[in-house]
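A.B. asks:
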């Protein structure tokens, strides 16, 4: 469209008093063609501002022709383009410049200053003048249509992106709600398991008191009554001897039960000493051989030590009761700032998932819940006939010095 536009202007101005304006449209067209050819090599912002400058100069060219109405439309195009890309006040500057130039030219036309409008003798070529005006409007309408199309396409694209992101946010929200529900269910499961573990601890304590300490105390009462009622000195000495033995056994039972409830050695001397004290009487039976590898370590937080102690003793009790093992390996070590416990036996083993889902897996659940309470990890590996391995990974919290006081 610009080619016939330039040709018509060239011939329309052939009889004008001033010839240089005939060469301006081809010059502008040549610049636009160069921009089109180099569109991938020129920065988009620079290229756009060159185009805005051409629109502005085209408006000024129409003012030279005395076409102030068409010039105003070209100025408007320049302002619109600058509005779309400007980040500061560039568009305002283009607007003010356009307004000042139009006002000055309008004043000059009203006052009929000699050199404006220039003498182009449009009365000789009225057809060319009309054609120029028509082509002007077509060009500007095409540009406005293109600008608005790009503008609204961008808006629609942004709306689609917003809708898509909104859908993703909705999906994320649903996923988050599901995760929160799963966490609540898991927390409730952990709470239930802790309650069950505490209840089992109470039952075991009650059983120890009733089945072991109760008969001993009853025997003490009977022997004491017999000692009071006896009149034979020899018989009294025998009763006294047996009474001392029973009282000694009662003291041992009380010590063992007390140790199970709150091991005094653990609080006083630490995890390693408490474990050695727990394992020593078991190893004397010579039914299970223990391979111990304990690293040198500082005291840990009392809760961490208690959880580790309970977990290890529970593993040993499970091995004694169910595994039929002859060897147990226990290793404590610090690796990469974490406290690792490696436990292994050569017992008959089991299928881990089945054990955890059955009632007989309560002991493993108890260990898992204790380790979870201090944000640790428990990994259990076992296969039928191949023994069992347990790996506890715990963040070592240093023991507060005030706990020793």
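Numbering (this note's numbering), first residue to last: -12 to 392. For glycine and all other residues, C-beta sits at the position ideal for the given N, C-alpha and C.
1. The ligand MN heavy atoms versus the CB of residue 317: any closer than 7 angstroms?
2. Could you give the C-beta distance for residue 206 and residue 233, rounded to a whole number, given that I count them as a contact under 8 angstroms?
3. By Cβ distance, which residues of its chain are closer than 6 angstroms to residue 102, with the 5 residues on each side in sequence left out?
4. I'd like the ranges of any beta strand (DSSP E) spanning at least 3 consecutive residues and lying wholly in the segment 364 to 388.
5. Given 8 angstroms as the limit, is there contact between the segment 32 to 50 and the segment 62 to 73, that is, 3 or more CB pairs closer than that?
6. Check for me: the alpha helix (DSSP H) holding residue 321 runs from which residue to which?
7. Please work out which residues of its chain come closer than 7 angstroms, Cβ to Cβ, to residue 223, disregarding the five sequence neighbours upstream and downstream, and give them in chain order.
8. Are residue 375 and residue 336 touching if we call contact CB-CB under 8 angstroms?
9. Confirm, please, whether the CB-CB distance from residue 315 to residue 275 is below 8 angstroms.
10. Once the 5 residues before and after residue 268 are set aside, which same chain residues still bring their CB inside 8 angstroms of it?
11. Can you list, in chain order, the residues of its chain whose CB lies under 8 angstroms from that of residue 138, leaving out five sequence neighbours each side?
12. Starting from residue 277, follow the beta strand (DSSP E) in both directions and report where the run begins and ends.
13. Just to confirm the assignment, what range does the alpha helix (DSSP H) spanning residue 328 have?
14. For residue 289, report the span of its alpha helix (DSSP H) as first-last.
15. Straight-line CA distance for residue 308 to residue 266?
16. Comparing C-alpha positions only, which one of 81, 289, 262, 291 sits nearest to residue 280?
17. If you check the beta carbons only, do residue 381 and residue 361 fall under 8 angstroms apart?
18. Would you call the CB atoms of residue 288 and residue 306 closer than 8 angstroms?
19. Can you find the residues in the same chain that come closer than 6 angstroms, C-beta to C-beta, to residue 77, ignoring five residues on each side of it along the sequence?
20. For residue 363, tell me which candidate among 52, 373, 325 has the shortest Cα-Cα distance.
21. What is the rounded straight-line gap between the Cα of residue 313 and the Cα of residue 285?
22. Check residue 217 in the structure and name its three-state DSSP category.
23. Considering just the uninterrupted stretch of the alpha helix (DSSP H) at residue 57, what are its terminal residues?
24. Just to confirm the assignment, what range does the alpha helix (DSSP H) spanning residue 86 have?
25. Rounded to whole angstroms, how far is the Cβ of residue 253 from the Cβ of residue 293, which I believe are closer than 8 angstroms?
26. Identify, in the order they occur along the chain, each residue of the same chain with its Cβ nearer than 6 angstroms to the Cβ of residue 317, setting aside the five sequence neighbours on each side.
27. Might you give, ordered along the chain, the residues of its own chain that have their beta carbon closer than 6 angstroms to the beta carbon of residue 50, omitting 5 neighbours on each side?
28. Tell me which residues share the same chain as residue 204 and place their Cβ nearer than 8 angstroms to its Cβ, disregarding the 5 neighbours each side in the sequence.
29. With H, G and I counted as helix, E and B as strand and the rest as coil, what does DSSP make of residue 161?
30. So, with DSSP's three-state summary, where would you put residue 286?
C.D. replies: So, from the data block:
1. The model on display carries no ligand, and the ligand MN is accordingly not part of it.
2. The residue given as residue 206 occupies position 219 in the chain shown. The residue given as residue 233 occupies position 246 in the chain shown. Yes, they are in contact, since the Cβ atoms of residue 206 and residue 233 sit about 5 angstroms apart, within 8 angstroms.
3. Taking the first residue of the chain shown as 1, we reach residue 102 at position 115. Note that residue 102 scores 47 on pLDDT, short of 50, meaning its location in the model is unreliable and no value can be drawn from it.
4. 364 to 369, 375 to 381
5. yes
6. Residue numbering aside, residue 321 sits at position 334 when the chain shown is read from its first letter. Not the alpha helix (DSSP H): residue 321 falls in the beta strand (DSSP E), residues 314 to 322.
7. Position 236 of the chain shown, counting from 1, holds the residue named residue 223. Contacts found: 214, 217.
8. What you label residue 375 is simply residue 388 of the chain shown in a count that begins at 1. What you label residue 336 is simply residue 349 of the chain shown in a count that begins at 1. Yes; because the gap between Cβ atoms is below 8 angstroms, this pair is in contact.
9. What you label residue 275 is simply residue 288 of the chain shown in a count that begins at 1. What you label residue 315 is simply residue 328 of the chain shown in a count that begins at 1. Yes, the Cβ-Cβ distance between residue 275 and residue 315 is below 8 angstroms.
10. Here residue 268 refers to the residue found at position 281 of the chain shown. None.
11. Your numbering for residue 138 matches position 151 in the chain shown. Hits under 8 angstroms: 71.
12. Locating residue 277 in the chain shown gives position 290, where the first residue counts as 1. 276 to 281 is the span of the beta strand (DSSP E), which, as asked, contains residue 277.
13. On the chain shown, residue 328 is found 341 positions in, with the first residue counted as 1. Careful: residue 328 lies outside any alpha helix (DSSP H), inside the beta strand (DSSP E) at 325 to 332.
14. One-based indexing of the chain shown puts residue 289 at position 302. 289 to 305 is the extent of the alpha helix (DSSP H) around residue 289.
15. Here residue 308 corresponds to residue number 321 of the chain shown, with the count starting at 1. Here residue 266 corresponds to residue number 279 of the chain shown, with the count starting at 1. Each residue's alpha carbon lies about 15 angstroms from the other.
16. Numbered from its first residue, the chain shown carries residue 280 at position 293. Taking only the C-alpha atoms, the option nearest residue 280 is 262.
17. As a position in the chain shown, residue 381 is number 394, starting the count at 1. As a position in the chain shown, residue 361 is number 374, starting the count at 1. Against a cut-off of 8 angstroms, the Cβ pair of residue 361 and residue 381 comes out as a contact.
18. Here residue 288 is taken as the residue at index 301 of the chain shown, counted from 1. Here residue 306 is taken as the residue at index 319 of the chain shown, counted from 1. Not a contact, by the Cβ cut-off of 8 angstroms.
19. Working through the chain shown from its first residue, we reach residue 77 at position 90. Counting only Cβ-Cβ distances below 6 angstroms, and skipping sequence neighbours, we find 69.
20. Counted from its first residue, the chain shown places residue 363 at position 376. Checked all of 52, 373, 325; the closest Cα to residue 363 is 325.
21. Translated into positions along the chain shown, residue 313 becomes position 326. Translated into positions along the chain shown, residue 285 becomes position 298. Straight-line Cα distance between these residues: approximately 31 angstroms.
22. Within the chain shown, numbered from 1, the residue matching residue 217 stands at position 230. Reduced to three states, the DSSP call for residue 217 is coil.
23. Your numbering for residue 57 matches position 70 in the chain shown. Note, residue 57: alpha helix (DSSP H), 55 to 72.
24. The residue labelled residue 86 in the question sits at position 99 within the chain shown. 77 to 97 is the extent of the alpha helix (DSSP H) around residue 86.
25. Position 266 of the chain shown, counted from the start, is the residue given in the question as residue 253. Position 306 of the chain shown, counted from the start, is the residue given in the question as residue 293. Going by Cβ atoms, the distance from residue 253 to residue 293 rounds to 7 angstroms, so yes, they are a contact pair.
26. Your numbering for residue 317 matches position 330 in the chain shown. 279, 330, listed in sequence order.
27. Within the chain shown, the letter at position 63 stands for residue 50. Once the five neighbours on either side are set aside, the close Cβ partners of residue 50 are 58, 92.
28. For the purposes of this step, residue 204 is taken as the residue at position 217 of the chain shown. The residues are 237.
29. To locate residue 161, count along the chain shown from 1; it is residue 174. Of the three classes helix, strand and coil, the one that applies to residue 161 here is helix, per DSSP.
30. Taking the first residue of the chain shown as position 1, residue 286 is located at position 299. If DSSP states are grouped into helix, strand and coil, residue 286 belongs with coil.
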